[in-house]
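Asks:
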Ligand SMILES: [Zn+2]
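Residue numbers (our numbering): 625 to 713.
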């Protein structure tokens, strides 16, 4: 059952939080975050309860808890400010 084992290892999620990198256990209640654009220049950060379908989407960040969610949120906010400065607005 090598194939089945490969599938299981592909489903191991690691927390995207800075200095975290914890591996998700089967029963852990995690969160998914992703950034998107409502319109050009209008970035939005999404935070949703864990959903397997959302978690495998491109750009999805896997988050172990509110501590890491907050760090990623402030990272996102920093990036937005940085881009605003660079575009001179
Ligand atoms: Zn974490």
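Note that CB positions come from ideal geometry on N, CA and C, so glycine has one too.
1. Find the nearest neighbour of residue 703 within the set 669, 675, 663 and 679, judged by alpha-carbon distance.
2. For residue 693, is the classification buried or exposed, using 16 other Cβ atoms within 10 angstroms of its Cβ as the cut-off for buried?
3. Can you tell me whether DSSP reads residue 662 as helix, strand or coil?
4. Taking all protein chains shown into account, do 16 or more other C-beta atoms lie within 10 angstroms of the C-beta of residue 650, making it buried, or fewer, making it exposed?
5. Closest to residue 675 by CA distance: which of 688, 663, 667 and 664 is it?
Replies: Taking the definition as stated:
1. As a working mapping, residue 703 is identified with position 79 in the chain shown. That would be 669, whose Cα lies nearest to the Cα of residue 703.
2. Sequence index remark: in the chain shown, residue 693 carries index 69 (1-based). Buried is the call here.
3. Along the chain shown, one-based indexing puts residue 662 at 38. Residue 662: strand per DSSP, three-state reduction.
4. Against the chain shown, residue 650 aligns to sequence position 26. Exposed.
5. The residue labelled residue 675 in the question sits at position 51 within the chain shown. That would be 688, whose Cα lies nearest to the Cα of residue 675.
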